[in-house]
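Going line by line, the protein sequences match chains A and B.
Read the first sequence against numbering that gives the first Met the number 0 and you will find it ends at 305, with the numbers running on by one and no gaps.
Read the second sequence against numbering that gives the first Met the number 0 and you will find it ends at 305, with the numbers running on by one and no gaps.
Using N, Cα and C, we set each Cβ at its ideal position, and we do this for glycine too.
Bear in mind that the values here come from a model prediction, so they are computed numbers and not experimental data.
See structure below.
Number of protein chains: 2
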Amino acid sequence: MEFSRASANERRFLPPAVAVSSVAFALSPPAEARKDSRELVDTAVTLWIPLVRRTRPPFEGIWALPGGPIPWDEALVDTALRTLHAAVHRAPGYLEQLYSFGSIERSAQAQRLVTIAYWALYGERELAQVPSLPERAAANPGHGSTRRWDDPEPPQPPQTSAERLQQRTTQATLASVDSLDADRNVAWFSADRLPELAFDHADIVATALWRLRSKTEYSAVAHRFLGPTFTLAQLRVVHEAILGEPVDPANFRRQALAQGNLIDTGDTTTGTGHRPARLYRFRSDPEAPEVGAGPLAFTSEQRKSA
Amino acid sequence: MEFSRASANERRFLPPAVAVSSVAFALSPPAEARKDSRELVDTAVTLWIPLVRRTRPPFEGIWALPGGPIPWDEALVDTALRTLHAAVHRAPGYLEQLYSFGSIERSAQAQRLVTIAYWALYGERELAQVPSLPERAAANPGHGSTRRWDDPEPPQPPQTSAERLQQRTTQATLASVDSLDADRNVAWFSADRLPELAFDHADIVATALWRLRSKTEYSAVAHRFLGPTFTLAQLRVVHEAILGEPVDPANFRRQALAQGNLIDTGDTTTGTGHRPARLYRFRSDPEAPEVGAGPLAFTSEQRKSA
DNA sequence: AGAATAGTGTCTTTTAGACAGTATAGG
DNA sequence: CCTATACTGTCTAAAAGACACTATTCT
């Protein structure tokens with residue numbers, strides 16, 4: 000009794016630590032990534048999530064979501080971007096805040112931990128890029144990118160998140176094969192077959208899946224799983240992967256085109272062995288991937304659908 | 000240049016403070032509350048929000064959302080409940096996490112501040128209750144409930160949020176008229192005519208209004224603005240207040256009953272001067288108000304509607 | 001020609017909305 | 001009686017879903 004009270008009084012003077020964790024989705028892992036070795040029973044398209052194996056207590060050796068504490072001068076969304084980049088070696092095509100977790104039980108005997116969760120999308124466009132490392136990690140090849148939990152970036156002037164994303168993408172240096180092989184503690188798992196997760200990260204994944212599967216969400220972001228142009232059949236496959244059930248091609252076509260967000264590029268597929276399909280691009284999305292940044296990270300499409 | 004760098008280095012060693020702020024909605028302020036004295040142009044039903052005037056820098060004298068920092072051993076939702084109770088003297092009928100705000104610019108020269116925003120509902124059921132004060136504030140009448148920002152509660156054993164809510168409601172002592180009159184710095188404002196707000200609280204209110212007005216939200220919580228039983232006309236008025244436009248009574252009736260969440264109590268209104276209306280109650284909501292607590296604070300209704 | 005997928009037409013069912021008309025209390 | 005609101009019926013338009021049918025490319 001006296002004992003626990005003393006330890007409680009010590010905890011009392013530790014301010015809560017604030018961390019960011021991210022659930023990233025992709026239709027398939029990047030080429031160089033480690034994948035869950037267990038067999039997949041059905042060949043249906045599933046969603047993949049990158050996880051990081053913890054190398055220190057608590058939960059040492061257990062898989063966890065990419066993330067880390069927020070440095071004193073880094074915006075929340077930038078912490079999510081930086082820690083995702085450390086695990087995936089690429090910037091995501093979409094990023095949005097999900098929920099904040101701060102129950103006092105989640106790390107009972109340690110410092111109070113408040114986790115702000117994000118969810119992200121990696122599309123074919125992003126995964127096709129050559130994996131890159133931030134310049135600081137490249138100058139410190141011994142540590143690689145697995146040293147995530149106590150490695151704040153130097154101060155930077157305020158920028159818009161679009162600028163930050165651009166900078167991160169263009170300034171990043173190429174990763175050597177050695178650096179990539181050092182990622183023993185990063186692997187991709189099927190969202191349906193996740194291993195045991197540290198902390199309450201299983202709850203976070205469940206919340207992210209629920210959010211992704213709400214119609215107003217995925218109708219606006221499904222195209223981000225694909226490249227800059229895509230056929231309606233490809234887009235339909237994404238919807239089927241998210242929903243987990245087949246979708247009628249004819250009705251899907253009408254509904255997708257009725258949204259007014261798809262622009263016919265005039266190009267078509269070739270060499271498919273059958274009738275070629277028209278290629279579309281998403282409305283007002285010519286090049287730069289959009290990353291939700293601030294408190295009002297709702298897109299105009301989402302607002303309209305409410 | 001040297002100067003700002005030095006102050007920046009000091010900030011660097013201050014961990015971010017974590018605070019909670021809440022946007023609470025009600026169809027009308029409680030009887031004893033101070034109200035915005037400005038005239039309301041139209042007599043349409045509007046939503047009301049309680050605000051607290053800051054008594055110290057930054058933003059001294061400016062209205063702000065109820066809230067405060069999280070004590071080391073208090074769950075996020077409990078901080079929201081406690082600070083709401085300090086301002087409104089009642090527990091809300093509904094409470095759900097909204098969004099987390101943590102941009103580094105929001106309190107430029109001070110300690111980094113991460114704010115986790117909640118939104119709440121006060122229904123007729125809650126507002127009809129006699130206002131109460133927590134026991135600690137009652138023992139300290141000189142400070143009243145306005146001393147919110149540095150006044151953590153003593154440690155408590157973990158409880159479910161339902162238990163906590165129950166305890167808070169039953170243990171609270173009655174507030175004297177003096178204590179209530181001391182609430183000079185708490186007032187209710189129409190959501191359409193808010194004063195200038197401290198920090199980025201205007202963004203938080205905008206986000207809360209957007210969330211409340213999304214159909215999947217208000218269809219599940221509109222009934223919480225009312226008492227335990229209500230007529231369809233009353234429920235329709237709530238929808239009209241949220242939407243800001245009239246709703247056809249006949250079509251609203253069909254849609255509301257088709258949801259299957261309304262149970263006919265068998266009772267009817269009397270003394271109305273016209274045909275009496277049936278009284279309904281919400282499905283599986285006999286007594287206890289439900290307060291969203293943990294990471295998965297989504298109701299089953301919301302999950303189904305996705 | 002045949003295979004395979006792209007794309008169109010059309011029918012049915014469901015849902016949202018407008019609005020006339022009936023029912024029942026109190027004055 | 002009249003008034004006011006509760007409640008029902010019905011028509012129309014829009015949307016969602018099922019599914020037959022045509023179109024076009026490659027082998």
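Paired residues, beta bridge with residue i - DSSP
i      : result
A:D263 : A:Y279
B:Y117 : B:S21 and B:Q96
B:L112 : B:A16
A:P49  : A:W187
A:L126 : DSSP, once it has assigned bridges, lists no residue as partnering A:L126.
B:L196 : B:W62
B:K34  : B:W187
Residue burial classification, residue i (beta-carbon count within 10 angstroms, cutoff 16)
i      : result
A:D77  : buried
B:A18  : buried
A:H222 : buried
A:D182 : buried
A:E195 : exposed
B:P248 : exposed
A:P15  : buried
A:R210 : buried
B:G92  : buried
A:A186 : buried
B:E95  : buried
A:L46  : buried
A:Q233 : buried
A:A171 : Reliability fails at A:A171, whose pLDDT of 35 lies under 50, so the model's placement of it is uncertain and the value that follows must be treated cautiously. Buried, because 16 or more other Cβ atoms sit within 10 Å of the Cβ of A:A171.
A:R89  : buried
A:H273 : exposed
A:D199 : buried
B:A127 : exposed
A:P49  : buried
A:T82  : buried
Nearest candidate by alpha-carbon position, reference residue i, set the options
i      : options                           : result
B:A74  : B:H200, B:Y117 and B:V236         : B:Y117
B:E123 : B:L26, B:A86, B:L231 and B:H238   : B:L26
B:P29  : B:F224, B:Q258, B:W71 and B:N260  : B:F224
A:R280 : A:T264, A:T269 and A:Q254         : A:T264
B:D191 : B:E31, B:I241, B:V113 and B:V87   : B:I241
A:L97  : A:P57, A:A23 and A:F188           : A:A23
B:I69  : A:E59, A:D199, A:H84 and A:L112   : A:L112
B:R55  : B:S283, B:Q254 and B:A197         : B:A197
A:S99  : A:V87, A:H84 and A:I115           : A:I115
A:L80  : A:G270, A:G259, A:S21 and A:S36   : A:S21
B:N260 : B:A207, B:V87 and B:T228          : B:T228
A:S36  : A:V220, A:G270, A:I203 and A:S189 : A:S189
A:A86  : A:S213, A:E59 and A:A119          : A:A119
A:S213 : A:N184, A:G243 and A:L193         : A:G243
A:R282 : A:R33, A:V220, A:N250 and A:W71   : A:V220
Span of the beta strand (DSSP E) around residue i
i      : result
B:F100 : Y93 to F100
A:W187 : V185 to S189
B:F251 : Looking at the DSSP string, B:F251 is not in any beta strand (DSSP E); the run it does join, the alpha helix (DSSP H), is P248 to A257.
A:G66  : G66 to P68
Span of the alpha helix (DSSP H), counted from its first residue to its last, around residue i
i      : result
B:I241 : L231 to L242
B:I61  : Per DSSP, B:I61 belongs to no alpha helix (DSSP H) and is neither H nor E.
A:L225 : Run containing A:L225: none; DSSP gives neither H nor E here.
A:T78  : L75 to V87
The region 110 to 131 of chain A: positions lying closer than 7 Å to chain B by Cβ: Those residues of the region 110 to 131 of chain A that come within reach of chain B (Cβ to Cβ, closer than 7 Å) are R111, V113 and I115.
Interfacial residues, the region 61 to 78 of chain A to chain B, with Cβ spacing under 8 Å: Under the 8 Å Cβ criterion, the region 61 to 78 of chain A contributes I69, W71, D72, E73, A74 and L75.
Interface positions of the region 15 to 40 of chain B facing chain A (Cβ-Cβ less than 8 Å), listed along the chain: Answer set for the region 15 to 40 of chain B: P15, A16 and V17.
Short-range partners of chain B found in the region 90 to 102 of chain A, where Cβ spacing is below 9 Å: So the close ones are Q96, Y98, S99, F100, G101 and S102.
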